[in-house]
Amino acid sequence: MIEKKKLDRVLNKVIKPARYIGMEQNSIIKDLDKVKVKFAFCFPDVYDVGMSHLGLHILYNLINQYDDFACERVFTPWIDMEELMRKEGIPLYTLENKEEVRDFDILGFTLQYEMSYTNILNVLDLSGIPLLSRDRSNDDPLVIAGGPCAYNPEPLADFIDVFVLGEGEEVTLELLNKYKEHKERGWDKESFLKDILDIEGIYVPKFYDVHYKEDGTIREMVPLIDEAPKVVKKRRVEDLDSMFAPETMIVPFVETVHDRVVLELFRGCTRGCRFCQAGMLYRPIREKSPSRLMDLARELVDNTGYEDISLSSLSTCDYSQLQLLVSSLMKEHGEDNVGVSLPSLRLDSFSIDILKEIEKVRKSGLTFAPEAGSQRLRNVINKGVDEEDLVKAVSYAFDEGWSKIKLYFMIGLPTETDEDVLGIRDLSYLVKDIFFNAPKEKRRGNFSVTASGSCFVPKAFTPFQWVSQDSIEEFRRKAYLVKDSIKDKKITFNYHDPEVSYVEAVIARGDRRLSRVIKRAWEKGCKYDGWREHFNFQLWQEAFDEEDIDGGFYAQRERNEDELFPWDFIDIGVSKKYLYREYQKSLAGQLTHDCRLACTGCGIRDCSMRGVFN
Amino acid sequence: MILRVKFNKKNYLKYIGHLDLLRLFQRTFRRAGIPVKYSQGFNPHPKFSIANPLSLGIESEGEYMDIELEDKVDIDDFTQKMNQVLPKDIRILRAIYPKENKSISSELSWALYGVTLEIEEDLSIEDIQERLDNWLARGGIIISRLRKQGKRKVMKEEDIAPLIGGIDVRDKTGSEVTLEVLMRVGEDGNLRPFDFIDALKASDIIKLDKDSVSLIRKALYKEDGDQLYEPI
Ligand code: SF4
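Chains F and X are the protein sequences, given in the same order. Under the working numbering, think of the first position of the first sequence as 1, with each following residue one higher. Under the working numbering, think of the first position of the second sequence as 1, with each following residue one higher.
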């Protein structure tokens, strides 16, 4: 345990010291000498960001249900804290018992975005744990990782002992139980790793070798031992109602990004946007029932005292009984000054109706995501909204008293022309016209529209996994094309730095050779790459050069239909054939309908949606 | 209906700032089922206020807040329910329904702080006391701090000697010295403990290691003539 006196010396000097003290309401502090497996769960970003992640609250409460296990939290210290910890020789510790991370049995990372990978290395280093899997002995913690980015685990292959693919509720417990067995028998990492290979959803990179072709693409990935499966299937929980769901959440002292009850309504999304990785990874849709949700909400509000319930899912408005749920929640909790909120909105009047009900009060900003500026391009990406939807939704919103609109777009989508890009300007002006075309006495508030353009990053397991990303120069040219075309003070256009998106794109479709680059970048001082003020492209470029790896090979190369991808050994359910078919349809500008209407044959073999929704 | 409450804030919880503490109480009221009055309007807020907010990084043995209630609640019941849900290092110590209609902030005028620090020279308790007494007697302890002036903040020099009610050296073990310092709080002058530490350090009266300083507010007082009382 880290001594309080030692910590006091640094905590007095850092901003937001409460990030580092734990002791929040509903945090669970166990006697570590009495548990059999100690699990340190790390979200490799700063506390305020990590604590907003629903998955953390789920796993934390799930694992801590069991007397044999303890789950404690670790985040990356902010820059000021890290500096002082290094200076005072304080190793990274968990928030609950303030125990050194290296004394835990397992250190588990959640991989939410590629740009957190250098932070992972920083966590290992600050903990005094060797970075490379092969350098770690039986005395070091087992290092595991899961979360959405684990679906292309290869860039982290050198650092992580075990990847967990898919929804973690069941497989985490299986893994911990196996660990317990092995520890009781006398711990040997090698035999443990072999023994877990038959658990569905487990991938151990060291048991595979990758052979490359002359041109740098993959020839094959071969298991090195018989026990290692050729194909690793992701885990999926079938019935969400009977599955564990937390009835409590840790309530942070400091304000976090999502400081509220988060109620997960369902998993999966079947709208089939072709750029969206989550939409492919988490199919099919599995809903919780309204009655289960009402029970959970009641427990969560009682146990946290939060004043807000956020209904969270990939596309929350798709919940089949949303209206019923919202009005029941409002009825039960409204009197106690507990509000309901929706994180994302669709461009339809139904969504606005619901919003009207819950946001009786604040009429500030509203966000819509047309994603692409022109109808042609929206068809390419299968974003099933048209200009009319936008016009309707926006007029409706203005009528209801909103006056600030945010529009989200992507730049650099496949087949994009300058005309498509300028559609961003056109839609922004259209929104403005709608506002000012209303008679003066009906206009309310101070109008503004903010359009932001992020740089498109092609992701594994999407129909666009074959395409090339735009070059940095091209991104910038297109961004300026839009920016320079807007000459209205009420319209603002923001765009994201293309350099970050480039590195993200390299890693997102990278293979295990990239481990070297990530390590080199970290050694050069890269960390918090997802934070604009800390991202240093120069250092990343040097890292690529010194490791003699061409980032363009990963980011800016159009792939052949039959190329073997680094992530192809993972079976997510949706077939590669389907993804390719979707890619071809996109090039032809053809839409694919939501498969709740009728199955579109994505390849999921035992899909629970077939015959239920459609 | 005003309920006046005394509570403490110890150990690591000294690192929770004032706004975080307000949020914590707001949630605790909800969890404990305390019928706190809410403000009207678009963004209803529970009505309660904490007197003389503590600076970040300082522990306390006695803080005060006034809570506006919808209905009268039993005090023991209140204390028990609140302590059940509060983190263990914040405890409700006492509560009363005050007779007078004066806000708690306006009643307080002195705060007693315990200061523990390491000194870098070998001095006896008596030596230290003498040096500090002389320092206070000499007067004219000037600090500069930002003061609001209209919309701007202006750096101003200020003599804090009148804001220090007295310093007692209580203890010394090894190089660690414990002082008790009475400082003014409230509208007629307010001394922030960290300004006091800075002034002490700058004076060079005793050589101290600033990183070793730890502070605890031991009491808040109201003043009646030359006598100080705890408000409840
Ligand atoms: S199998 Fe059919 S119904 Fe199921 S998710 Fe795929 S497309 Fe939709």
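Note that beta-carbon positions come from the ideal geometry of N, C-alpha and C, so glycine has one too. Here the structure is a predicted model, which is why all the values come from computation and not from measurement.
8 Å Cβ cutoff, residue i in contact with chain X
i: Ser586 of chain F; result: no
i: Ile654 of chain F; result: As displayed, chain F neither begins before 1 nor continues past 614, which places residue 654 of chain F out of reach and without an answer.
i: Val49 of chain F; result: no
i: Asp336 of chain F; result: yes
i: Pro638 of chain F; result: Any property of residue 638 of chain F remains undetermined from this structure, which presents chain F solely from 1 to 614.
i: Tyr396 of chain F; result: no
i: Thr304 of chain F; result: yes
i: Val361 of chain F; result: The predicted model places Val361 of chain F with a pLDDT of 43, which falls under 50 and marks its position as unreliable, so this point remains unresolved.
i: Arg476 of chain F; result: no
i: Val46 of chain F; result: no
Cutoff 8 Å: residue i Cβ touching any chain F Cβ
i: Ile16 of chain X; result: yes
i: Leu200 of chain X; result: no
i: Asp211 of chain X; result: yes
i: Tyr12 of chain X; result: yes
i: Gly165 of chain X; result: no
i: Tyr38 of chain X; result: yes
i: Leu93 of chain X; result: no
i: Leu208 of chain X; result: no
i: Gly57 of chain X; result: yes
Partners in chain X for residue i, counting only beta-carbon separations shorter than 7 Å
i: Asn61 of chain F; result: Those do not exist, as Asn61 of chain F stays about 17 Å from chain X at its closest Cβ, beyond 7 Å.
i: Val254 of chain F; result: Asp20
i: Asp8 of chain F; result: Ser214
i: Leu11 of chain F; result: Tyr15
i: Ile21 of chain F; result: Tyr12 and Tyr15
i: Val251 of chain F; result: Arg27
Rounded distance between the beta-carbons of residue j and residue i, thought under 8 Å
i: Asn382 of chain F; j: Pro44 of chain X; result: Between Pro44 of chain X and Asn382 of chain F the Cβ distance is about 43 Å, and since that is not below 8 Å, they are no contact.
i: His53 of chain F; j: Thr110 of chain F; result: 7 Å
i: Arg274 of chain F; j: Phe464 of chain F; result: 6 Å
i: Phe163 of chain F; j: Tyr179 of chain F; result: Their Cβ separation, rounded to whole angstroms, is 15 Å, which puts Phe163 of chain F and Tyr179 of chain F out of contact at 8 Å.
i: Arg27 of chain X; j: Val340 of chain F; result: Contact doesn't hold; Cβ gap of about 17 Å is too wide.
Residue i versus residue j: straight-line alpha-carbon distance, rounded
i: Lys99 of chain X; j: Ile197 of chain X; result: 38 Å
i: Lys629 of chain F; j: Leu95 of chain F; result: Outside the shown range of chain F (1 to 614) lies residue 629 of chain F, about which nothing can therefore be said.
i: Lys10 of chain X; j: Ala219 of chain X; result: 13 Å
i: Val185 of chain X; j: Glu264 of chain F; result: 48 Å
i: Leu108 of chain X; j: Gly225 of chain X; result: 13 Å
i: Val123 of chain F; j: Asp103 of chain F; result: 14 Å
i: Ala598 of chain F; j: Thr270 of chain F; result: 11 Å
i: Asn303 of chain F; j: Ile570 of chain F; result: 39 Å
i: Arg610 of chain F; j: Arg283 of chain F; result: 12 Å
i: Tyr93 of chain F; j: Gln25 of chain F; result: 19 Å
i: Asp470 of chain F; j: Phe41 of chain F; result: 36 Å
i: Thr172 of chain F; j: Ile202 of chain F; result: 10 Å
Strand pairing of residue i, partner residues [DSSP]
i: Asp571 of chain F; result: F:Lys233
i: Ala40 of chain F; result: F:Glu72 and F:Leu107
i: Glu137 of chain F; result: This sequence places Ser at residue 137 of chain F; Glu is not what is there. Per DSSP, none; premise fails for Ser137 of chain F.
i: Thr367 of chain F; result: F:Lys406
i: Cys455 of chain F; result: F:Ile411
i: Gln149 of chain X; result: X:Arg152
i: Tyr396 of chain F; result: According to DSSP, which records beta bridges pairwise, Tyr396 of chain F is partnered with nothing at all.
i: Pro223 of chain F; result: F:Tyr208
i: Gly166 of chain F; result: F:Arg235
i: Ser341 of chain F; result: F:Ser310
i: Lys222 of chain X; result: X:Tyr229
i: Ser214 of chain X; result: X:Thr116
i: Asp237 of chain X; result: This structure leaves residue 237 of chain X out entirely; chain X is present only between 1 and 232.
i: Gly603 of chain F; result: Beta-bridge pairing links Gly603 of chain F to no other residue.
i: Gly216 of chain F; result: Note: Gly216 of chain F sits in no beta bridge, so no partner.
i: Asn26 of chain F; result: Answer by DSSP bridge pairing: none, since Asn26 of chain F is not bridged.
i: Arg286 of chain F; result: F:Arg267
i: Val262 of chain F; result: F:Ser310
Interface residues of chain X facing residue i [CB-CB closer than 9 Å]
i: Gln25 of chain F; result: Leu24, Arg27, Thr28, Arg31, Val85, Leu86 and Pro87
Listed by chain order, chain F residues near residue i by CB distance under 8 Å
i: Pro44 of chain X; result: Asn337
Heavy atom of the ligand FMN within 7 Å of residue i beta-carbon
i: Pro205 of chain F; result: For the structure depicted, the ligand FMN is absent and the ligand set comprises only the ligand SF4.
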